[in-house]
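Everything on this sheet refers to the single structure shown next.
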Amino acid sequence: MFSSVVAAFSRNFGRNSKNKQGKAPPVPDLPQGFQPAHSPSSSHGGGVVHQHPPSSSSSATSGTPRARPLFLCQPFVKASLLRGSMKTIVVLPKYVDKGEWLALNVFEFFEYLKMFHGVIQEFCTVKSCPSMSAGPKFDYKWLDSHKRPTTLPAPNYIAFVFNWIQDKTNDENIFPTKTKPITTAMLNTPSAGALTSSPAGTPGAGQQQPGDWIGKEGGFPPEFYERCRGIYKQMFRVFAHIYHTHFDKIVHLSLEAHWNSFFAHFVAFGREFDLLDKKDTESLKELIEAFDAQTASLASSSSSSSAAAAGTAQPSSGGAR
């Protein structure tokens, strides 16, 4: 997975060779009378989150402990292809335009997410997944053509998400593969004024001037960054559904290390460039915290080992006798 990023650089960041033939999965039969919106309601992506309140009949109320999700159980929660922090593979490389780096990674994450979804797609059906759930507390709803939150079966929801993202990544006005000149109309776009500085936590924060925006030098439009955030939020929802509903299939296929590493990479990149709001990650909060704890533990062990090795290497102060 990680070597693909290097390979993508040799293909001019991997975006000039977009798979125009690659299509999102077909939309399954929709509920009768449902008319989906043509696109999400905002730049942050469509759909709303419904968080279920604890019910009086819940296992917590009855005193019976709720079963821990499989992905949080040992040894699966520790399964990974990479030990340590993902920081080194997500930071902006020297001399690389930030817009190009965002576009490359968003595009690559989307392609790999479609591949993983294809593995479990036959198990994610209208009957088995009547809603886009992410555990007992979260349901993601789609907005219909009248902007009303509507429950959709997970395969329908995911098909809408993938089709929407496919349209955005194939749109040369949002993800250009050739540098375009900056026009007066672009400078007057409200998004340009809203992005006069880098988002918190991103390289170069506070260094941009009014009229600048992320990706400007690479020919990306002022709204490009917000489009990336919308795409990222929707991809996270697909991760959440697969973890909560289909992780047993991932384990059955011995792909848990690949899947965990992919998600950890996704989260690390999202943090580096502030692509996810904290509230949007609540459905996998415990897993992210578990990954963070493992990274911190490895870092601590590495530091202790280095200190011990340094102490062992010190010459004896007593000298030879």
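The numbering used here applies: residue 958 is where the sequence shown begins, and numbers increase by one. From the three backbone atoms N, C-alpha and C, an ideal C-beta is built for every residue, glycine too.
| message | Spatial neighbours of Ile-1077 within its chain, please: C-beta separation below 8 Å, excluding the five flanking residues on both sides. | response | The residue you call residue 1077 lines up with position 120 of the sequence shown. Once the five neighbours on either side are set aside, the close Cβ partners of Ile-1077 are Ile-1199, His-1203, Lys-1206 and Ile-1207.
| said: Does chain D have any CB closer than 8 Å to the CB of Trp-1058? | reply: Absent from the structure: chain D. Only one protein chain is present.
| request: Return the bridge partner residues of Met-1089 from the DSSP annotation. | output: As a position in the sequence shown, residue 1089 is number 132, starting the count at 1. Answer is Tyr-1097, bridged to Met-1089.
| field | Selected residue, minimal CA-CA separation from Asp-934, among Lys-1098, Arg-1025, Asn-1217 and Arg-1184 | value | The chain is shown only over 958 to 1278; residue 934 falls outside these bounds and no answer can be derived.
| Mind checking Val-1053: buried by the 16 CB within 10 Å criterion, or exposed? | Here residue 1053 refers to the residue found at position 96 when the sequence shown is read from its first residue. By the 10 Å Cβ count, Val-1053 comes out exposed.
| task | Would you mind giving the Cβ-Cβ distance between Ile-1188 and Ile-1245, rounded to the nearest angstrom? I have them listed as a contact below 8 Å. | result | Stepping through the sequence shown from its first residue, residue 1188 is reached at position 231. Stepping through the sequence shown from its first residue, residue 1245 is reached at position 288. Not really, about 19 Å apart at Cβ, beyond 8 Å.
| request: Determine the DSSP secondary structure at Thr-1107, reduced to helix, strand or coil. | output: The residue you call residue 1107 lines up with position 150 of the sequence shown. Three-state result, Thr-1107: strand.
| field | Expected contact under 8 Å - CB spacing of Leu-939 and Ser-1218 to nearest Å | value | The chain is shown from 958 up to 1278; residue 939 falls before or after that span and cannot be answered.
| task | Label Asp-1128 either buried or exposed according to how many other C-beta atoms from any shown protein chain fall within 10 Å of its C-beta, with 16 as the threshold for buried. | result | Here the question's residue 1128 lines up with position 171 in the sequence shown. The residue in question, Asp-1128, is exposed, as its Cβ has fewer than 16 Cβ neighbours within 10 Å.
| message | For His-1209, tell me which candidate among Thr-1252, Phe-1080, Glu-1229 and Ala-1197 has the shortest Cα-Cα distance. | response | Here residue 1209 refers to the residue found at position 252 when the sequence shown is read from its first residue. That would be Phe-1080, whose Cα lies nearest to the Cα of His-1209.
| field | Local Cβ density within 10 Å of Asn-1130, reported as buried at 16 or more and exposed below that | value | Taking the sequence shown and counting its residues from 1, the one referred to as residue 1130 is at position 173. Result: exposed.
| With 16 other CB atoms within 10 Å as the buried threshold, where does Arg-1186 fall? | Within the sequence shown, the letter at position 229 stands for residue 1186. Per the 10 Å Cβ criterion, buried.
| task | With a 10 Å radius around its C-beta and 16 neighbouring C-beta atoms as the bar for buried, classify Thr-1126 as buried or exposed. | result | As a working note, residue 1126 is residue 169 in the sequence shown. By the neighbour-count criterion, in which a residue is buried when 16 or more other Cβ atoms sit within 10 angstroms of its Cβ, Thr-1126 is buried.
| query | Considering only C-alpha positions, which residue in the set His-1222, Ser-1088, Phe-1181 and Val-1083 is nearest to Leu-1070? | reply | Here residue 1070 corresponds to residue number 113 of the sequence shown, with the count starting at 1. Closest option to Leu-1070, Cα to Cα, is His-1222.
| Distance between Met-1192 and Tyr-1097 (C-alpha atoms, nearest Å) | Reading the sequence shown from its first residue, position 140 is the one you call residue 1097. Reading the sequence shown from its first residue, position 235 is the one you call residue 1192. Roughly 12 Å separates the two Cα atoms.
| said: According to DSSP, simplified to helix, strand and coil, what is Leu-1059? | reply: Taking the sequence shown and counting its residues from 1, one reaches residue 1059 at position 102. In the structure shown, Leu-1059 sits in a helix (DSSP, three-state: H, G or I).
| task | Take Pro-1087 and list the residues in its own chain whose beta-carbon comes closer than 7 Å to its own, dropping the five residues that flank it on each side. | result | Position 130 of the sequence shown, counted from the start, is the residue given in the question as residue 1087. Contacts found: Pro-1110.
| request: Throw me the rounded Cβ distance for the Leu-1241 and Phe-1196 pair, which I believe falls under 8 Å. | output: Start at 1 with the first residue of the sequence shown, and residue 1241 comes out as number 284. Start at 1 with the first residue of the sequence shown, and residue 1196 comes out as number 239. Right, the Cβ-Cβ distance comes to about 7 Å (below 8 Å), so this counts as a contact.
| task | Find the nearest neighbour of Ser-1254 within the set Arg-1025, His-1201, Thr-1108 and Ser-1042, judged by alpha-carbon distance. | result | Counted from its first residue, the sequence shown places residue 1254 at position 297. The shortest C-alpha separation from Ser-1254 is found at Ser-1042.
| field | Pro-1112 classed as buried or exposed, judged by whether at least 16 other C-beta atoms fall within 10 angstroms | value | Position 155 of the sequence shown holds residue 1112. Classification of Pro-1112: buried, given that the 10 Å Cβ count is 16 or more.
| request: Determine the DSSP secondary structure at Lys-1044, reduced to helix, strand or coil. | output: Here residue 1044 corresponds to residue number 87 of the sequence shown, with the count starting at 1. Judged by DSSP in its simplified three-state form, Lys-1044 adopts helix.
| said: If distances are taken between C-alpha atoms only, which option among Gly-1176, His-1215 and His-1074 comes closest to Thr-1134? | reply: Here the question's residue 1134 lines up with position 177 in the sequence shown. Closest by alpha carbon: Gly-1176.
| Rounded to the nearest angstrom, how far is the Cβ of Lys-1044 from that of Ala-1225, given a contact under 8 Å? | Along the sequence shown, read from residue 1 onward, the residue named residue 1044 stands at position 87. Along the sequence shown, read from residue 1 onward, the residue named residue 1225 stands at position 268. Indeed, because the Cβ distance is near 7 Å, the residues count as touching under 8 Å.
| task | Just mark Ser-1090 as buried or exposed, buried being the case when its beta carbon has 16 or more other beta carbons within 10 Å. | result | Position 133 of the sequence shown, counting from 1, holds the residue named residue 1090. Classification of Ser-1090: buried, given that the 10 Å Cβ count is 16 or more.
| Smallest Cα separation from Gly-1172: which of Leu-1061, Ile-1046 and Lys-1104? | Within the sequence shown, numbered from 1, the residue matching residue 1172 stands at position 215. Per the Cα distances, Leu-1061.
| task | Thinking Glu-1229 and Val-1047 are a contact (beta carbons under 8 Å), I'd like their distance in whole angstroms, please. | result | Against the sequence shown, residue 1229 aligns to sequence position 272. Against the sequence shown, residue 1047 aligns to sequence position 90. Rounded, the Cβ-Cβ distance is 5 Å, consistent with contact.
| So what's Asn-1130 in DSSP terms, helix, strand or just coil? | Numbered from 1 along the sequence shown, position 173 holds the residue referred to as residue 1130. Reduced to three states, the DSSP call for Asn-1130 is coil.
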